[in-house]
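Report on one structure; see the data block that follows.
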Amino acid sequence: MHLLIDYLPLFLHSILVTIELSFWTLLASTLFAVLLAWGITCRFKPLRWLFIVVVEIIRAIPIFVLVLTVYFVLPIIAFSLDPFTSIVISLSLWGAANGAEIIRGGLMSVDQGQKEAGSALGFHPLLFFTLVLIPQIVRVILPPFCGLSTTLIQATTLGSVVGVVELLRTGQIVIERSTSVTGGVSSFAVYGGMLIVYFILCSLVSKAGSLLEQRLSRHIVLRAPRVESFAGQAVPPQWDSTPKG
Numbered sequence: 004m005h006l007l008i009d010y011l012p013l014f015l016h017s018i019l020v021t022i023e024l025s026f027w028t029l030l031a032s033t034l035f036a037v038l039l040a041w042g043i044t045c046r047f048k049p050l051r052w053l054f055i056v057v058v059e060i061i062r063a064i065p066i067f068v069l070v071l072t073v074y075f076v077l078p079i080i081a082f083s084l085d086p087f088t089s090i091v092i093s094l095s096l097w098g099a100a101n102g103a104e105i106i107r108g109g110l111m112s113v114d115q116g117q118k119e120a121g122s123a124l125g126f127h128p129l130l131f132f133t134l135v136l137i138p139q140i141v142r143v144i145l146p147p148f149c150g151l152s153t154t155l156i157q158a159t160t161l162g163s164v165v166g167v168v169e170l171l172r173t174g175q176i177v178i179e180r181s182t183s184v185t186g187g188v189s190s191f192a193v194y195g196g197m198l199i200v201y202f203i204l205c206s207l208v209s210k211a212g213s214l215l216e217q218r219l220s221r222h223i224v225l226r227a228p229r230v231e232s233f234a235g236q237a238v239p240p241q242w243d244s245t246p247k248g
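In the working numbering, the protein residues as written are 4 to 248.
Next comes the structure, spelled out in structure tokens:
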């Protein structure tokens with residue numbers, strides 16, 4: 004146990020590296036997913052098919068192979084990257100391709116008649132998309148996107164393959180060093196501690212997603228009567244053709 008305490012600062016630093024790696028991966032994946040989703044749903048057919056091909060190719064590549072390709076092949080044909088940046092790029096590409104499909108599914112789930120209703124009520128397209136459609140889309144894509152996010156957090160362990168000293172690599176280093184010096188630290192204790200850390204990180208993401216989903220559901224329910232009231236006021240009284248008694 005005292006050996007684990009001696010290595011505690013190293014473990015704490017590796018947890019921070021894992022959190023930082025997860026943060027940048029999730030951020031980049033989300034931004035690129037929005038861009039790719041726009042590409043695979045745009046009306047210009049050649050551009051749409053180009054984005055579809057790119058997305059399908061990335062999704063078809065195993066994430067482990069993509070990590071190795073970015074780290075070992077990219078320096079040969081373009082420029083070299085440090086291990087941290089390469090793992091962020093590779094995980095972000097994979098996450099963005101899968102996230103784009105999730106967003107596309109959310110866009111398709113929205114009834115197209117709502118856009119026509121928004122135009123009839125005089126909504127500006129951007130305002131209508133922001134206030135009415137986005138909450139509905141986010142509520143649909145949030146559960147699968149949270150699942151994708153937890154997968155990406157777990158995939159940060161692949162950083163150990165390319166030399167990123169994150170939590171998994173730190174555990175391996177501690178076991179190797181302690182074995183050569185004092186006979187070894189319990190592998191069960193090291194890997195058990197890592198399991199708890201990843202469980203906490205993934206649980207926090209899932210819980211945050213659930214809370215946001217509940218809030219969006221209340222937001223949509225509360226706004227619905229206002230939209231109906233506005234719709235009722237949109238038709239001027241002189242347009243009412245009902246015979247008066």
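Every residue gets a Cβ at the ideal spot worked out from N, C-alpha and C, and that includes glycine.
- Val73 counts as buried, since at least 16 other C-beta atoms from the protein chains shown sit within 10 angstroms of its C-beta.
- A check of alpha carbon separations from Leu29 across Gly166, Ala120, Ala63, Cys205 identifies Cys205 as the nearest.
- Remark: C-beta atoms of Ser95 and Ala31 approach each other more closely than 7 Å.
- Across the structure, Thr160 and Tyr194 are spaced so that their CA atoms are roughly 12 Å apart.
- The segment 126-146 makes no contact with the segment 55-70; the number of CB pairs closer than 8 Å stays below 3.
- By a beta-carbon distance limit of 8 Å, Leu155 does not contact Ser17. Their separation comes to about 18 Å.
- At the C-beta level, Gly174 and Ile90 stay beyond 7 Å of one another.
- Inclusion of Val167 and Pro65 in the CB contact set at 7 Å is not warranted, their separation being larger than that value.
- When DSSP states are grouped into helix, strand and coil, Val57 belongs to the helix group.
- Annotation: the continuous alpha helix (DSSP H) that includes Gly98 extends over 86-112.
- A residue is called buried when at least 16 other Cβ atoms come within 10 angstroms of its Cβ; Trp52 does not meet this threshold and is exposed.
- By the CB criterion at 7 Å, Pro138 and Leu219 fall inside the cutoff.
- The alpha-carbon separation between Ser83 and Leu77 amounts to approximately 7 Å.
- In this structure, Leu39 and Ala100 form a Cβ contact; the two beta carbons are roughly 7 Å apart against a cut-off of 8 Å.
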